[in-house]
Amino acid sequence: MFDLCLMMWLLLLSTVLVAPGWVQQESIDGRFAILVPEPLEISVKRIDTEVGSIEYYRHSLSTDHDSLGYAYFSVSYCDYPEGSFPEDSTALIADFLQVTMEQGAEALEGTLIYSDEISIGEHTGRFWRIHYNGESSVMKTRAYLVDD
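Quick note on numbering: this note's numbering labels position 56 of the sequence shown as 136, and the sequence is numbered without any gaps.
Okay, structure coming up:
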């Protein structure tokens, strides 16, 4: 089954650095581990799409710490039906990630500042940065397509 792992780092008003006391949050089902200042809350939402019903998982944390300023951490993923993104369809995968990036900027009424192709091992992905809220807020996103 195809996993879409979206790692979103929304950093508002401050740059977040790993600090003593951060905890490692792991998800066996989501196949990720991440360092965060506090444990993440988990939510699951069922979304009906053209390819069927998809369960969308979000592990998130909103902070307002003196040392961090305001920050929002989120790791999201979902499983698409098998065969949705055939391995030989690199153009489809690239288009999917491009549209995801553009829709993020549009939803935030922001400006796409930067984007680049990235990967984890053999898994294709994109990194992008969007400025919004009058240029005072920043969203950094890493999105990966993992397994079909």
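Each residue gets a CB set at the ideal place from its N, CA and C atoms; glycine is no exception.
CB-CB length for residue i against residue j, believed under 8 Å
{"i": "Y212", "j": "L188", "result": "4 Å"}
{"i": "I127", "j": "Y137", "result": "With a Cβ gap of about 11 Å, I127 and Y137 do not count as contacting."}
Where residue i sits in the DSSP three-state scheme
{"i": "M88", "result": "Because the pLDDT at M88 is just 33, under 50, the model does not fix this residue reliably, and the value given afterwards should be weighed accordingly. DSSP places M88 in strand when its eight states are reduced to three."}
{"i": "L177", "result": "helix"}
{"i": "G205", "result": "strand"}
{"i": "E182", "result": "helix"}
Sequence-distant residues of the same chain with beta carbon closer than 7 Å to residue i, five excluded per side
{"i": "I173", "result": "F165, T204 and L225"}
{"i": "I198", "result": "G205, R206, F207 and R222"}
Beta strand (DSSP E) segment containing residue i, residue limits
{"i": "V124", "result": "E121 to T129"}
{"i": "E197", "result": "T191 to I200"}
{"i": "I108", "result": "That residue, I108, is in no beta strand (DSSP E); it is neither H nor E in DSSP."}
{"i": "S169", "result": "First-last for S169: undefined, no H or E at that position."}
{"i": "S217", "result": "S217 to V226"}
Close Cβ partners of residue i (< 8 Å) along its chain, the five nearest in sequence each way excluded
{"i": "W102", "result": "L115, V116 and P117"}
{"i": "E121", "result": "H139, S140 and L141"}
Worksheet item: Should the region 147-161 be regarded as contacting the region 177-184, the criterion being three or more beta carbon pairs within less than 8 Å?
Response: no
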